[in-house]
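Participant: Going by full-length UniProt numbering, the sequence shown opens with residue 1, and the numbers climb by one from there.
Don't be surprised by glycine CBs; every beta carbon is placed ideally from N, CA and C.
I'd like to ask you about the structure that follows.
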Amino acid sequence: MPTIYHPSPIGIIRISENDGFISSVNIRDVAGEEEEGPTPLLKMAARQLDEYFAGTRKIFDFPIQQPGSAFQQQVWECLLKIGYGKTISYLQQSKMMNNPLAIRAIASSNGKNDLAIVVPCHRVIGSDGSLTGYAGGIWRKKWLLEHEARVLGVGQTSLF
1 MPTIYHPSPI GIIRISENDG FISSVNIRDV AGEEEEGPTP LLKMAARQLD
51 EYFAGTRKIF DFPIQQPGSA FQQQVWECLL KIGYGKTISY LQQSKMMNNP
101 LAIRAIASSN GKNDLAIVVP CHRVIGSDGS LTGYAGGIWR KKWLLEHEAR
151 VLGVGQTSLF
C-alpha cells in the first residue's frame, strides 16, 4: 500500500492509498518508512491538506474509501455533512442519523475514523461544548477547530 509521511502544523501526517482511493490520513508525532513512494494521488492529497492548513481549502475532493461496517460507513458519511468551521454534538449526530439511542456506537465509530481532517470527526464535540475524544489528541482537535474559526473569521466554533 503506497504511503507517504507529510509535515503539517500539527504533526506528521501519514497518508495511505489503496486501490485508487486515499484509505487513511493519520496524524503522528514522528514519520515512519514510506512504502512505494509518492503516487499522483498521494501527492494530490498532500497538496490539498497543505491548502487546508493554509486556509484556502475547506472541502477535499480526492477519492476516499476506508474499510468499516455498514454502520460505520453511515457514521462517517454523516461527518462529511458537517460544514467547515461548524460543530455538532454526538447527540446531534445521532439525531441526524435518526438513531438517537446509538450515541455510544456513533462515538465509537467516530473514533475509528481513519481519515482524519478529511472526514471531519474533529467537528463533533460534547453536548456541553467540551472537546471530547480525538484519536490525534485533544490539543489537535482544539487546534483544528480554532484554525477553521480563524479562517472563517469567527471568534470560536459553536454548535449549530
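Can you tell me whether DSSP reads Asn110 as helix, strand or coil?
Facilitator: Locating residue 110 in the sequence shown gives position 110, counting from the first residue. Reduced to three states, the DSSP call for Asn110 is helix.
Participant: Which parts of the segment 39-110 are runs of the alpha helix (DSSP H), unbroken and 4 residues or longer, counting only runs that do not cross its ends?
Facilitator: Taking only runs of at least 4 residues, the alpha helix (DSSP H) segments lying wholly in the segment 39-110 are 40-54, 70-79, 90-96.
Participant: Please return the same chain residues whose Cβ sits closer than 7 Å to the Cβ of residue 235, not counting the five positions on each side in sequence.
Facilitator: The requested residue 235 is not part of the displayed model; the chain covers only 1 to 160.
Participant: Do Ser130 and Ser89 have their beta-carbon atoms positioned less than 7 Å apart in this structure?
Facilitator: Position 89 of the sequence shown, counted from the first residue, corresponds to residue 89. Position 130 of the sequence shown, counted from the first residue, corresponds to residue 130. Their beta carbons are not under 7 Å apart, which means Ser89 does not touch Ser130 by this criterion.
Participant: Throw me the rounded Cβ distance for the Leu91 and Val119 pair, which I believe falls under 8 Å.
Facilitator: As a working note, residue 91 is residue 91 in the sequence shown. As a working note, residue 119 is residue 119 in the sequence shown. Not confirmed; about 20 Å, so no contact.
Participant: For Arg28, which residues does DSSP report across the bridge?
Facilitator: Working through the sequence shown from its first residue, we reach residue 28 at position 28. BP columns for Arg28 point to Ile12.
Participant: Is Leu115 helix, strand or coil by DSSP?
Facilitator: Taking the sequence shown and counting its residues from 1, the one referred to as residue 115 is at position 115. Residue state, collapsed to three classes: strand.
Participant: Determine, using beta carbons only, whether Ile22 and Phe62 come nearer to each other than 7 Å.
Facilitator: Along the sequence shown, read from residue 1 onward, the residue named residue 22 stands at position 22. Along the sequence shown, read from residue 1 onward, the residue named residue 62 stands at position 62. A contact, by the Cβ cut-off of 7 Å.
Participant: Per the DSSP calculation, Glu35 is bridged to which residue(s)?
Facilitator: In the sequence shown, residue 35 corresponds to position 35, counting from 1. Paired residues: Thr3.
Participant: Could you give the DSSP three-state label for His147: helix, strand or coil?
Facilitator: By 1-based counting over the sequence shown, the position of residue 147 is 147. Three-state DSSP puts His147 in a helix.
Participant: Report the CB separation of Gly83 from Val151 in whole angstroms; it is logged as a contact under 8 Å.
Facilitator: Residue mapping note: residue 83 aligns to position 83 of the sequence shown, counting from 1. Residue mapping note: residue 151 aligns to position 151 of the sequence shown, counting from 1. 12 Å between Cβ atoms; not a contact.
Participant: Can you check which of these residues, Asp29, Glu17, Lys95, is closest to Met44 by C-alpha distance?
Facilitator: Counting from one through the sequence shown, the residue named residue 44 turns up at place 44. It is Glu17 whose Cα lies nearest to the Cα of Met44.
Participant: Rounded to whole angstroms, what is the Cα-Cα separation between Leu42 and Ile10?
Facilitator: The residue labelled residue 42 in the question sits at position 42 within the sequence shown. The residue labelled residue 10 in the question sits at position 10 within the sequence shown. The alpha-carbon atoms of Leu42 and Ile10 are separated by roughly 19 Å.
Participant: Whole angstroms is fine: what's the gap from Gly37's alpha carbon to Thr132's?
Facilitator: To locate residue 37, count along the sequence shown from 1; it is residue 37. To locate residue 132, count along the sequence shown from 1; it is residue 132. When rounded, the distance between both Cα atoms is 35 Å.
Participant: If we ignore side chains and look at the alpha-carbon of each, how far apart do Ala105 and Cys121 end up?
Facilitator: Within the sequence shown, numbered from 1, the residue matching residue 105 stands at position 105. Within the sequence shown, numbered from 1, the residue matching residue 121 stands at position 121. The alpha-carbon atoms of Ala105 and Cys121 are separated by roughly 14 Å.
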